[in-house]
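Residue numbers (our numbering), protein chains in the order written: chain X, 1406 to 1779; chain A, 5 to 344. Ideal Cβ positions, reconstructed from N, Cα and C, are used throughout, including at glycine. Bear in mind the structure is a predicted one, so any value in this text is a computation, not a measurement.
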Amino acid sequence: MTSITIDSESSAPQGGRVLSRSQIFWSKFYRHKLAVVSLGFILFLYAIVLIAEFVAPYDPFQRHTDHLLAPPTAITFFDADGDFHLRPFVHALKNELNRETFQREYMVDTSVRYKISLFVEGEPYNLFGFIPMDTHFFGVEGDGKIFLAGTDTLGRDLFSRMLFGARTSLFVGLFGLAIGFGLGLFFGGISGYFGGAVDNFVQRLTEFLQSLPTLPLWMALAALVPPHWTPIQVYFGISTILAVVGWTTLARVVRGKLLSLREEDYVMAAKVSGVSEAKIITNHLLPGFMSYLIVHLTLAVPQMILGEVALSFLGLGLRPPAVSLGTLLIDSQNIQTLVFSPWLLVPGGLIIIIVIAFSFLGDGLRDAADPYRS
Amino acid sequence: MSNKPLLKIEGLKKYFPIESGALRKVTGYVKAVDDVSFELARGEVLGLVGESGCGKTTLGRCIIRAIDPTGGAVHFSPLDDESIDLASADKKTLRRNRRHMNMVFQDPFSSLSPRMTVRDIIAEPLRAQKIPESEINGKVERIAESCGLNPAFLSRYPNAFSGGQRQRVCIARALVTDPVLVVADEPVSALDVSVQGQILNLLQHLRQELNLSFIFVAHDLSVVEHIADRVAVMYVGKIIELTDTEQLYSRPQHPYTEALLSAVPKPDPDLPDETIILGGEVASAANPPSGCYFHPRCRYAGEICRTEAPTLREVEPGHWSACHLAESLDLAGVVPDQDD
């Protein structure tokens, strides 16, 4: 052996241990630190939105009429005299009229301290819809209020609403994704596998869908959603709309991959060895673009979320009172309120973080999925 | 062993339709393999030579039914008593008989799945034939060893192997079911010359050990000379000459074969260069010339060559040629190697 060795699994010493495919996958994936952090964040986010009723200090529809458009509550360890307290606390807010500007302003009343506690009793709710509970993960004791991200124009806690909104948005994404993924795989599959007239038809259909201007199409389809639908029905409708116009790219790629893989010598080798068609598809064709599918799925989730946000923001998707990241941003459409209450944009920040996390995760998966493609 | 040939091919055709326009109207056909007939004896190695695009790969693939031929028959008798027509066999019969035949491909890089271990690749034909899992490992290791592969490396992926080793894997995969017929589609043309020699020797050795019949597709005449018992020369989808290797190299009976042989590089630079430069282009299989396909480039062509298509006929015992003038021409072959 020369002193120059190639740094890869393939140059392991002769007879050395050979890593299995999944070992190679994970070792590559762990090297992409941002992807690992993103994966952790995404899993964490999905976990807390599933138990949003428990994590959120308030009900998303509960109105705190004394605290309309209240700014985010400051959490401190030091009281007005500068004394340190081991348990963090919040001060009370007082709503006063500013005599100079004639604006209503919130003044911090440093004379009153409310300690922050974990597992406090609050509004009763049903966890997962059937476990009656009234314990919340955190809250303040007594009459105090804690608004981590402030309140909206109706005095509802923005942090709680964000958790419930993210739940809708994250799961609408998944549901729409499943539909779009199924459609893309199906149409791309029959197009690439059967070829001929079927292929021709599917390709023309794809071109037709891709040539439609997206926004007017969304508007037209959204107009079809009956106004009397419940929010759940509406977001099924929305996901279907996003999926019906969104499957074309995937179908194209699946078709192209199938066409090129079908012509590979190793597929012909399997055929002349007597391997059945079904086995050829599962053993040779599918693994050939599985890595692409994983990455596509990961990157499609944020697209679905953004699509839902865009539609809801334009008033075409979910409408209040349904809570989603998109409907939360509707409040920030008014520049007047935005100037005085910039915290209404916080849901936008959460969207950005979610989208970036999914992108990093997709990056890491792509690098890990095909270690021998250099 | 019976006298029945292993393979009897009759009028095999493969036409590829030419489609044009948005409606994909068929406007013509590329006759990649056009009315080819020959026999292959048990244990025989038939070399199939010709220039690029003459249909030799397509012929090999049609014989083994990797692609469906347009017409003709391929009578295959793997066992002495039964004979099946591969060209028209249904899927079930075909799959059952797949273990008697296999194929080695030209490109050892694209013919191995990058996502399977070498052990799984070699075992694939066995699994396809529903061989019990308990027997598979032993068979795979035995054939791998015969092909010069270290069984310790079988759990690696193909990317860890060199071109020559990969071709050994391909050969092992083709031979693992103990076939009687192997179509080798230019198995050495993608390899370095030194590795070519190793692989050819391996094929020779395996052929004797396992009593295999080969259809050996190649464009390199010196490779074919080394391994084949008989050689078929193809030009634009047809076999134009077929005879024993020695006979073909020393006394060709078709002007095209003469030109091919004259182009084989000679190892001695002092010998006079007698390469026959063919004028014009290879005839198009989509739009072949009238009469003999070779006449526009043939220096002996007469009137009959322009109008009448020659048939493959036995000009001497065991020597078939598709040339009208075969008997009247005295064509030059090559001097056999000294060490032969």
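| Contact the stretch 1707-1719 of chain X vs the stretch 1517-1527 of chain X: 3+ CB pairs below 8 Å | no
| Cut-off 8 Å between Cβ atoms - residues of its own chain near A/Ile147, not counting five sequence neighbours on either side | Ile126, Ala176, Leu179 and Val180
| field | Cβ-based burial, X/Trp1431 [other Cβ within 10 Å; buried from 16] | value | exposed
| field | Residues that X/Lys1676 contacts on chain A, provided the C-beta gap is smaller than 7 Å | value | Ala70
| task | Could you spell out where the alpha helix (DSSP H) holding A/His230 opens and where it closes? | result | Run containing A/His230: Leu225 to Ile231, per the alpha helix (DSSP H) assignment.
| query | Taking contact to mean at least 3 C-beta pairs separated by less than 8 Å, is the stretch 82-91 of chain A in contact with the stretch 257-268 of chain A? | reply | no
| field | Residues of its chain near A/Val319, where Cβ-Cβ distance is below 7 Å and the 5 sequence neighbours each way are ignored | value | Cβ neighbours of A/Val319 beyond the five flanking positions: Gln257, Ser325, Ala330 and Glu331.
| task | Compute the distance between the beta-carbons of X/Gly1555 and X/Tyr1519, then report whether it is under 8 Å. | result | no
| said: With three or more C-beta pairs closer than 8 Å as the rule, is the stretch 93-108 of chain A touching the stretch 127-144 of chain A? | reply: yes
| request: For chain X, find out if any of its Cβ atoms is closer than 8 Å to the Cβ of A/Ser24; answer yes or no. | output: no
| request: Between the Cα of A/Pro293 and those of A/His323, A/Thr279, A/Thr311 and A/Arg234, spot the shortest distance and give me the residue it belongs to. | output: A/Thr311
| Measuring CB to CB, does A/Val122 end up less than 8 Å from A/Pro183? | no
| query | From which residue to which residue does the alpha helix (DSSP H) around X/Met1624 run? | reply | Thr1619 to Ala1628
| Can a CB atom of chain A be found closer than 8 Å to the CB of X/Gly1767? | no
| message | Between which two residues does the alpha helix (DSSP H) holding X/Thr1742 run? | response | In this chain, the alpha helix (DSSP H) harbouring X/Thr1742 covers Ile1740 to Phe1745.
| Does DSSP classify X/Arg1771 as helix, strand or coil? | It is helical.
| task | With DSSP collapsed to three states, give me the class of A/His104. | result | A/His104 carries a helical assignment under DSSP once its states are collapsed to helix, strand and coil.
| message | For a cutoff of 8 Å on Cβ pairs, would you count X/Val1680 as touching chain A? | response | yes
| Which value, in whole angstroms, describes the spacing of the CA atoms of X/Lys1662 and X/Met1567? | 40 Å
| Interface residues of chain X facing A/Met238 [CB-CB closer than 7 Å] | Going along chain X, no residue has its Cβ under 7 Å from A/Met238, so there is no contact; the nearest lies around 21 Å.
| query | Looking only at its own chain, which residues have a Cβ that is under 6 Å from the Cβ of A/Arg65, when we skip the five neighbours before and after it? | reply | Ile71
| message | Once DSSP output is grouped into helix, strand and coil, what is the label at A/Glu190? | response | coil
| message | Alpha carbons only, please: which of A/Ile13, A/Ser217 and A/Cys58 is nearest the one belonging to A/Ser288? | response | A/Cys58
| Considering only residues of the same chain and omitting the five flanking positions on each side of X/Leu1502, which have a CB-CB separation below 8 Å? | Gln1508, Arg1509 and Glu1510
| message | For X/Thr1515 and X/Phe1466, what's the separation of their Cα atoms in angstroms? | response | When rounded, the distance between both Cα atoms is 28 Å.
| Can the beta-carbon of X/Ala1656 be found less than 8 Å from the beta-carbon of X/Thr1619? | no
| Partners in chain A for X/Asp1736, counting only beta-carbon separations shorter than 9 Å | Going along chain A, no residue has its Cβ under 9 Å from X/Asp1736, so there is no contact; the nearest lies around 50 Å.
| query | Hey, A/Leu185 and A/Leu11: beta-carbon distance below 8 Å or not? | reply | yes
| message | Counting only Cβ pairs nearer than 7 Å, list the residues of chain X close to A/Arg99. | response | Gly1679
| Per DSSP, what kind of secondary structure is X/Met1406 in: helix, strand or coil? | Per-residue confidence for X/Met1406 stands at a pLDDT of 37, beneath the threshold of 50, marking its modelled position as unreliable; the derived number appears in the next sentence. Residue state, collapsed to three classes: coil.
| message | Looking at chain X, is there any beta carbon in it that lies within less than 8 Å of the beta carbon of A/Asp111? | response | yes
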